[in-house]
């Protein structure tokens, strides 16, 4: 399974192609990513094989980060198909297909045998095997492209709008080819398209992205058609989504009627429809009762065991007499019966009522069907997300950059770079040059104030309770007793009080104002003022200047 965990991709010019994408792509299934131009479809696909790296978030494969594998090793386990096949123009068809096996070290005979098997599987004429890509049609090139992508038997097949450059007839043939190959090979296929009909036909799961790279809805094609998440999804699918939904309803439950059947077209038809069949009981057409001897077209036929209600309704609508003719493909197209358009619509009406009841039940019980929603439903706010990482034990990881100070006073100078994913150590990336210091861009800064280094690893936007604020200041060099109102103990401290509390001293001097980013003491408001002795500013012994307490002024 391939997982996207809150993945975002932002380019250097500030353009966000993908935003907070969380997606689970199941193994051995066809997952289609669809959306309008500029919604980040191809960017999402290229992050799977690390042609692009996420700015935030992680991409996992069977639970392991993609960054833990070398790019070359990863890509050799993935086939890639693009528009127009992307074939090498200087290589013949068979040489194109043997390219990847050759790179993997297969011997020539094994590579050619594999190529011949795949070219036969994709239905390419053997006469074309030794031609160059320029000598092939668009559909033929695309078949070769699919064969080449499957040559090394990859686990994952990535397809970037592979059928968009061919005509509708060839596209339909290629769709059937892909579905047939998937039935035999059971690959994990991730496909990109802008055609919602193609997505519904080919996908086991469909993800719809909106402009800006936000996930609008993810689910099965039937879920998208029956329960669009919002107006954008409904508009993108189109106004005929109810008709498309019939593609997922079997026609096996339709009740078939019988009509008069003849083989001789010279017989009088009368007022009732009469079906003409051949010697093997295969339908030919309908007798025209207005013109004896004339045979009208049959219209489309359907097989109740193999086809859907959409095919049955289409047969009735194309019939000149309003009756859909049912045949058996297993018996060579023999006549089975007829069904009227009104009976089909009655079946559809009952089916829609059942679906509406199921949807209502899921809504009441909290469905876990299609994943819908944009950024608000995909993830939490920055503070919530960072707090969740801290709760999972990532709070002390390097690379967890912050965008606010703990007191919420605003962005820090160290938070201008995007946060590095805490779940993946950049040093584990086998593609990183070990001779380069990559810690500069890890989102963690240390400030040397002559004391201990301060790590800016506070979760984004989190505001700590008073006791944890005290604990934080203790980490900067102060002791626990420095964090509370201090009353000198005459038995342990001189009356002059050599200890100095800079925060309280600042408050005691009305002429001085605290720094804008200085954090107020939690007990300052609404608590009685404790009297300290003495109230005068303590002075350092003669001969040396007073040094600030360790941690004073560090924020």
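In the working numbering, the protein residues as written are 1 to 555.
Beta carbons are placed, not taken as given, at the ideal position from N, Cα and C, and that holds for glycine.
Looking at residue 351: is its Cβ nearer than 9 Å to the Cβ of residue 340? Cβ atoms of residue 351 and residue 340: not closer than 9 Å.
Cβ-Cβ distance between residue 118 and residue 129 below 9 Å: no
Hey, residue 344 and residue 298 are a contact pair by Cβ (cut 8 Å); roughly how many whole angstroms apart? Incorrect: roughly 17 Å between the Cβ atoms, too far for contact.
So what does residue 141 bridge to, in DSSP terms? DSSP output for residue 141 lists no bridge partner at all.
Identify the continuous beta strand (DSSP E) that holds residue 161 and give its terminal residues. Going by DSSP, residue 161 is part of no beta strand (DSSP E) at all; its letter is neither H nor E.
Residue 174 CB to nearest chain B CB: under 9 Å? As a matter of chain content, chain B is missing from the structure shown, which is built from one protein chain.
Is residue 328 helix, strand or coil by DSSP? The three-state reading of DSSP puts residue 328 in strand, counting E and B together.
Starting from residue 9, follow its DSSP beta bridges and name the residues at the other end. 18
How long is the line joining the alpha carbons of residue 61 and residue 228, rounded to whole angstroms? Those two C-alpha atoms are separated by around 29 Å.
Thinking just about the alpha-carbon of each residue, which of 207, 213 and 122 is nearest to the one in residue 182? 122
Considering just the uninterrupted stretch of the alpha helix (DSSP H) at residue 275, what are its terminal residues? Here residue 275 belongs to no alpha helix (DSSP H); instead the beta strand (DSSP E) covers 274-277.
C-beta contact flag for residue 111 and residue 151 at 9 Å: Result yes, Cβ atoms of residue 111 and residue 151 sit closer than 9 Å.
Would you kindly work out how many angstroms separate the C-alpha atoms of residue 29 and residue 245, rounded to a whole number? So the alpha carbons of these two residues sit roughly 20 Å apart.
CA-to-CA distance, residue 200 to residue 55, given in whole angstroms: 31 Å
Mind reading off the beta-carbon distance from residue 35 to residue 209? Whole number of angstroms is fine, and I expect it under 8 Å. About 4 Å separates the CB atoms of residue 35 and residue 209; that is less than 8 Å, so the two are in contact.
Would you check if the distance between the CB atom of residue 265 and the CB atom of residue 41 is smaller than 9 Å? Inclusion of residue 265 and residue 41 in the CB contact set at 9 Å is not warranted, their separation being larger than that value.
Residue 64, buried or exposed, once every other Cβ within 10 Å from all chains shown has been counted against 16: exposed
Can you name, in chain order, every residue of its own chain whose Cβ lies under 8 Å from the Cβ of residue 363, other than the five neighbours on each side? none
Given that a residue counts as buried once 16 or more other Cβ atoms are within 10 Å of its Cβ, and exposed if not, what is residue 88? exposed
Let me know the secondary structure DSSP gives residue 234 once reduced to three states. helix
Less than 8 Å between the CB atoms is what I'm expecting for residue 135 and residue 85, so what's the real figure, rounded? That pair is no contact at about 13 Å.
In this structure, does DSSP put residue 243 in helix, strand or coil? In this structure, DSSP gives residue 243 a helical state, which the three-state scheme calls helix.
Look at residue 213 and residue 21 and say whether their C-beta atoms are less than 9 Å apart. yes
Please go through the same chain and pick out, in chain order, the residues whose beta-carbon is closer than 7 Å to the beta-carbon of residue 284, but skip the five residues on each side of it. 276, 277, 278, 295 and 298
Beta-carbon gap between residue 93 and residue 124 smaller than 9 Å: Yes, they are a contact pair.
Cα-Cα separation, residue 95 to residue 81: 16 Å
Determine the DSSP secondary structure at residue 82, reduced to helix, strand or coil. coil
Identity of the residue in 1, 91 and 90 nearest residue 48 by Cα: 1
Are the beta-carbon atoms of residue 329 and residue 306 separated by less than 9 Å? yes
Just the C-alpha distance for residue 77 and residue 186, rounded to the nearest angstrom, thanks. 15 Å
Distance between residue 358 and residue 365 (C-alpha atoms, nearest Å): 11 Å
Between the beta-carbon of residue 334 and the beta-carbon of residue 258, is there less than 9 Å? no
Do residue 261 and residue 33 come within 9 Å of each other at the CB atom, strictly closer than that value? no
Tell me which residues share the same chain as residue 52 and place their Cβ nearer than 8 Å to its Cβ, disregarding the 5 neighbours each side in the sequence. Only 9, 43 and 46 meet the Cβ criterion.
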